[in-house]
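Per the UniProt record's numbering, the very first residue in the sequence shown carries number 1; after that it's consecutive.
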Amino acid sequence: MDLELTLDRVAHGGHCVARHDGRVIFVRHGIPGERVIARVDRGDEKKRFWNASVVKVLDASPDRVPHFWEQADALKAEQRETLPIGGAEFGHISLARQRALKGEVFREQLSRLGGLDADAVGFDAVEAVPVAGWNDDASNLADDGLGWRSRVSFSVTSDGQLAMHPFHSNELVTVGEMPLAAQAINDLKLWETNFRGYERVEVAAPSSGQAPLVVLIPRSSNKNPKLPQGSAITQASGVVVIQQTRGSAGDGRGSLHTLRGRSDVTELAGERELQVTGEGFWQIHRGAPRALTEAMLEYADPQQGDSVADLYAGAGLFTAALADRVGLTGHVLSMEGAPGTSADAAHNFANDPQVIVTRGRVERALTHAMRGGSLDAVVLDPPRTGAGKESVAAIADTRASRVAYVSCDPASFARDVSYFAAHGYELRKARVFDLYPHTHHMEVVGLLAKNEA
Ligand SMILES: C[S@@+](CC[C@H](N)C(=O)[O-])C[C@H]1O[C@@H](n2cnc3c(N)ncnc32)[C@H](O)[C@@H]1O
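Have a look at this one:
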């Protein structure tokens with residue numbers, strides 16, 4: 001069903017809100033203020049909320065620009081009678097307006113879920129981040145929002161072609177480029193290799209300049225995965241297979257074996273080189289490690305001799321900076337839940353006596369690891385779901401006076417801020433970074449400080 005709609009404000013998740021016959025409709029691929037024809041894609045008569053996607057623009061916003069990627073362009077997809085692939089749902093909006101919309105979402109989430117005014121915590125505007133490695137000169141880089149992804153995950157069609165999914169769809173659309181990905185990933189031309197027998201292909205282009213690592217996830221029917229043939233495979237620094245059981249090798253519920261070359265990549269964290277194995281977590285945007293570390297240090301403000309914790313630490317991006325700041329007289333508790341990634345952290349800090357790498361889930365392991373002791377500062381960087389009540393309570397029990405909270409979801413961030421408030425922590429400052437250009441996602445860094453009664 002096609003409806004003529006006037007699009008109202010932006011909503012979290014990459015939609016504009018519209019109303020029709022008393023019903024709220026969440027519309028993708030539009031811009032607030034536009035008059036459009038939108039196709040309802042999830043429209044059960046009984047539901048109060050519908051989802052729709054723009055198929056024609058009647059009155060365009062001055063901020064509408066030609067989409068940089070034909071396969072993700074909703075209007076071109078309509079002409080081809082296909083669906084646009086997901087992952088670049090803001091590509092039809094100027095970057096300046098994308099950032100303004102993300103700022104509106106942050107304000108709205110912080111107010112609705114955290115009960116706070118973004119102005120009161122010094123939030124001004126979403127900040128652009130140059131697509132540059134830690135030690136690269138960023139002064140002459142174009143701000144076009146392309147080439148930032150150092151990690152990409154592709155699906156595979158049953159006949160072995162690389163593909164991506166449209167939003168909320170099981171359909172697969174084959175791809176022959178990924179404009180958001182780093183040049184090193186596009187240069188591999190993975191789409192020229194046949195990946196029959198595999199379900200997913202992930203690729204990581206490390207900041208050290210090593211050739212990318214290819215991670216293959218086989219179909220459950222593929223009991224004896226073989227090395228695919230193609231130039232992408234010979235150019236990669238390594239090809240590993242992750243046989244999944246219920247989770248992933250990162251979770252310790254899968255097994256990882258190497259088909260060719262290396263099974264890890266080397267990432268740069270300032271002066272340090274960190275090992276990240278297989279599909280272990282590393283910040284996706286090439287400029288994120290530096291931008292987030294600097295913001296985290298500004299807020300956590302670790303001093304020589306301090307005792308601090310890096311929670312949800314991954315392979316140790318923030319642990320590295322904290323270890324250098326607190327020095328040999330300080331202590332860093334680096335806590336990570338995924339066994340493979342925690343093993344990387346143990347390897348990465350084997351020569352730093354001030355770092356204690358602990359594998360465990362923060363909500364259960366932090367209290368045990370603290371044994372009633374206290375900390376000067378805590379850094380946390382949980383997954384999209386946020387920290388949650390139990391972890392926030394355990395963090396509050398450390399009596400840290402400063403908490404630097406790094407988050408990739410403004411909703412779970414705002415919710416957790418309200419949990420922190422119940423323990424006497426106040427959000428004092430917040431910055432928002434555009435680490436996912438052309439998508440609706442954003443990265444928030446907040447400073448929570450203990451109210452001195
Ligand atoms: C957003 S990443 C941050 C990693 C690291 N700070 C970085 O910047 O590279 C979140 C990490 O938390 C881990 N994780 C997820 N849930 C966890 C939990 N309940 N307890 C501990 N770690 C968890 C994930 O495995 C992942 O490595």
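By construction, the Cβ of each residue, glycine as well, lies at the ideal position given by its N, Cα and C atoms.
Asked                                                                                                                                           : Found
Can you tell me which of the three DSSP states Q183 falls into?                                                                                 : helix
May I ask you to report which of helix, strand or coil DSSP gives S304?                                                                         : Here residue 304 is Gln; the residue named in the question, Ser, does not match the sequence. It is coil, neither helix nor strand.
Just grab the DSSP bridge partners of T266 for me.                                                                                              : Q275
If you measure between the beta carbons of R262 and G238, is that distance less than 8 Å?                                                       : yes
Across which residues does DSSP place V40 in a beta bridge pair?                                                                                : A52
Residues bridged to Q243 by DSSP?                                                                                                               : S255
Compare the beta carbon distance of A38 and V27 with 8 Å and say whether it is the shorter of the two.                                          : yes
To the nearest whole angstrom, what separates the beta carbons of A74 and V105, a pair I think is in contact under 8 Å?                         : Incorrect: roughly 20 Å between the Cβ atoms, too far for contact.
Between the segment 369 to 381 and the segment 315 to 334, do at least 3 Cβ pairs fall closer than 8 Å?                                         : yes
State the start and end residues of the unbroken alpha helix (DSSP H) segment that holds F413.                                                  : 410 to 422
Tell me the DSSP secondary structure of M335 in three-state form.                                                                               : strand
Within 10 Å of its beta-carbon, does H15 have 16 or more other beta-carbons around it, so buried, or fewer, so exposed?                         : buried
Identify the residues that DSSP records as bridge partners of M296: which are they?                                                             : Per DSSP, none; premise fails for M296.
When burial is assigned at 16 or more other CB atoms within 10 Å of the CB, is N51 buried or exposed?                                           : buried
For the alpha helix (DSSP H) containing D2, name the first residue and the last one.                                                            : No alpha helix (DSSP H) contains D2, which is instead part of the beta strand (DSSP E) from 2 to 6.
Determine whether the beta carbon atoms of H440 and G122 lie at a separation below 8 Å.                                                         : no
So does R361 have its beta carbon nearer than 7 Å to some heavy atom of ligand 1?                                                               : yes
Where does K189 fall in DSSP's three states?                                                                                                    : coil
Return the CA-CA distance between E390 and Q235, expressed in angstroms with no decimal places.                                                 : 45 Å
On the criterion of 16 or more Cβ atoms from any shown chain inside 10 Å, does E443 qualify as buried, or is it exposed?                        : buried
Cα separation between A249 and D44?                                                                                                             : Interpretation of A249 is limited by its pLDDT of 48, a score under 50 that renders its predicted location unreliable; no figure is taken from the coordinates.
Exposed or buried, what is H92 when buried is set at 16 or more other beta-carbons lying within 10 Å of its beta-carbon?                        : buried
For the segment 188 to 198 against the segment 220 to 233, are there 3 or more C-beta pairs whose distance is under 8 Å?                        : yes
Measuring only the C-alpha atoms, how far is Q161 from G270?                                                                                    : 38 Å
Using 8 Å as the threshold, is the C-beta distance between L259 and Q283 below it?                                                              : no
Would you mind working out which of R48, A77, Y425 sits nearest H29, comparing C-alpha positions?                                               : A77
Is it the case that the CB of M335 approaches a heavy atom of ligand 1 more closely than 7 Å?                                                   : yes
Give the straight-line distance between the Cα atoms of G103 and V432, rounded to the nearest whole angstrom.                                   : 8 Å
So, is Q71 buried or exposed, given that buried needs 16 or more other C-beta atoms within 10 angstroms?                                        : buried
On the DSSP bridge list, what partners appear for V121?                                                                                         : BP columns for V121 are empty, so no partner.
Taking only the alpha-carbon atoms, compute the straight-line gap between T329 and Q354 and give it to the nearest angstrom.                    : 7 Å
Alpha carbon to alpha carbon, how far is A321 from Q79?                                                                                         : 50 Å
Which same chain residues end up closer than 8 Å to K189 when comparing Cβ atoms and leaving out the 5 residues on each side of it in sequence? : S231, A232
Below 8 Å on the Cβ atoms is my contact criterion, and I expect G33 with L58 to pass it. Report the Cβ-Cβ distance as a whole number of Å.      : Their Cβ separation, rounded to whole angstroms, is 12 Å, which puts G33 and L58 out of contact at 8 Å.
Based on Cα-Cα distance, which residue from A125, G287, I85 lies nearest to Q98?                                                                : A125
Which residue wins for smallest C-alpha separation from R411, given the options P302, R107, G314, I85?                                          : Per the sequence presented here, residue 411 reads as Ala, with Arg not at that position. For A411, the nearest C-alpha among the options comes from R107.
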